[in-house]
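Right, one structure below, let's go through it.
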Amino acid sequence: FLGFATGDSFILLGVGAAGLVGLVALGMVPLALPVKLIFVVILVSFLQRLLGYFKAGELRGANVANLLLLLSIGAWFYTGFRKKSLYRPTPIDFWLLVAIVIIPTLSLGYAIYFRKIPGYTPTEELRRYKQWVTPFIYFFLLCQSLESKREIKYLFAMILGVVGLVVLQGLP
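Just so we're aligned, residue 62 is where the sequence shown starts under this note's numbering, counting upward by one.
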């Protein structure tokens, strides 16, 4: 029955089984789907630090984190259309707008057009901007998805658990 799992593949089989059990356990936690997906993004980020970069094919930009971001946005749209309320104003919206749009626009404009530094092209700077803006998008989705203090407590406990596991893994 397990003739295919020999030698080093037992470790991979164990990791795969643990991952499957973890996904089933996460499915049982009473959180909104976008919040669960954002937690998986955080978990994958920690795992990439430990195990190396995960790729989902040879296509540029097709990796686990980008696919989870796309799924999180899709789940947010689905939940918003189902509840007939896509956007819920929060006190941090203005500051997110400043951090995502105003500061980068001023910074990119100054770096590209006024300083004339070689290598600072609009295309190259927009590639760097994508890496900088992605955490703010996750934060916006998280703010829009959390509906109760209970969800915040669950998410906080799960993230602390992941951080604790990563710290324990690094100890001798």
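From the three backbone atoms N, C-alpha and C, an ideal C-beta is built for every residue, glycine too.
Q: Report back the beta-carbon spacing between Val-96 and Ser-206 to the nearest angstrom; my notes put them in contact at under 8 Å.
A: Numbered from 1 along the sequence shown, position 35 holds the residue referred to as residue 96. Numbered from 1 along the sequence shown, position 145 holds the residue referred to as residue 206. With a Cβ gap of about 5 Å, Val-96 and Ser-206 count as contacting.
Q) Hey, quick one: how far does the alpha helix (DSSP H) through Phe-201 stretch, first residue to last? A) One-based indexing of the sequence shown puts residue 201 at position 140. 183-206 is the extent of the alpha helix (DSSP H) around Phe-201.
**Q.** Given 8 Å, three or more beta-carbon pairs between the stretch 148-159 and the stretch 122-139
**A.** no
Q.
At the level of alpha carbons, what is the spacing between Phe-62 and Val-85?
A. Mapped onto the sequence shown, residue 62 falls at position 1. Mapped onto the sequence shown, residue 85 falls at position 24. Here Phe-62 scores only 42 on pLDDT, less than 50, and its place in the model should not be relied on; the value that follows carries that caveat. Rounded to the nearest angstrom, the two C-alpha atoms are 24 Å apart.
Q | Three-state secondary structure (DSSP) of Tyr-215 | A | Within the sequence shown, the letter at position 154 stands for residue 215. The answer is helix: DSSP assigns Tyr-215 an H, G or I state.
(Q) Counting C-beta neighbours from all protein chains within 10 Å, is the total for Ser-133 16 or more, i.e. buried, or is it exposed? (A) Against the sequence shown, residue 133 aligns to sequence position 72. Around the C-beta of Ser-133, 16 or more other C-beta atoms lie within 10 Å, and the residue is accordingly described as buried.
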